[in-house]
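Single-structure report; data block below.
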Amino acid sequence: MSELNATAAALLGLLQDGPATGGQLVASAEERFGAFFSVTRSQVYRELPALAKEGLVRLGKQGPRSSQQYAITAAGKKAFKAWLSSDAGPDHLRSPLILRLVNAGSLTAKQRSTLIESARAAYSQELDEARAAVKAADDPYTKAVAEFGQAHARAALKLVDAIPAS
């Protein structure tokens, strides 16, 4: 068995809840950890066959419109547990906003203004959602992650507010 990448581990973690199709996994990933760890549809559909080849998932029931369920195997559960208990290594922030801000000199003043206002609206909404998640959290881990979400949204808002209007 090769070492799991974070996307593969995320999928195995989601499959702990039971069999799911690729589309269901994409939706579950967005719901469970979308604010912190993006998983694209293409990543899911690239990882699932690789996980099956490694024996970490098996094909489940065929669904409507040729959708394919996947279920985690005993080897997948073992690999996921090993990944969970291994050293996390450094975090890597991939922020499309920051990438755009670093390159904002290539935009017109109107485009920069639109970028900032759009980011402000998105992170304001994210902050509201994180506040609701903190209130709804039923265990200390979920609450801590939701509080991190609040801090992240506040930091992003502080970033866009620090940029002078021009």
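The opening residue of the sequence shown carries number 175 in the working numbering; numbering runs sequentially from there. Beta carbons: idealized from backbone N, C-alpha and C, even for Gly.
* Excluding five sequence neighbours on each side, which residues of the same chain lie with their C-beta closer than 6 Å to the C-beta of residue 272? -> The answer is none, since no qualifying residue turns up.
* Between which two residues does the alpha helix (DSSP H) carrying residue 272 extend? -> 270–276
* **Proximity winner among 188, 224, 221, relative to residue 134 (alpha-carbon distances)** => This structure cannot speak to residue 134, because the chain is shown only from 175 to 340.
* Taking C-alpha atoms, which residue in 319, 338, 232 lies nearest to residue 287? -> 338
* Contacts around residue 226, its chain only, beta-carbon distance under 8 Å, and the 5 residues preceding and following it disregarded -> The answer, listed in chain order, is 232, 233, 244.
* To do: Please work out which residues of its chain come closer than 6 Å, Cβ to Cβ, to residue 330, disregarding the five sequence neighbours upstream and downstream, and give them in chain order.
  => 297
* When we look at the beta-carbon of residue 334 and count the other beta-carbons within 10 Å, is it buried (16 or more) or exposed? -> buried
* If we count the other Cβ atoms within 10 Å of its Cβ and call it buried at 16 or more, is residue 202 buried or exposed? -> Buried: at least 16 other Cβ atoms inside 10 Å.
* Asked: Shortest alpha-carbon distance to residue 248 belongs to which of 241, 313, 256?
  -> Nearest option by C-alpha distance: 256.
* What are the boundary residues of the alpha helix (DSSP H) that includes residue 124? -> One cannot answer for residue 124 here, as it falls past the ends of the chain, which runs 175 to 340.
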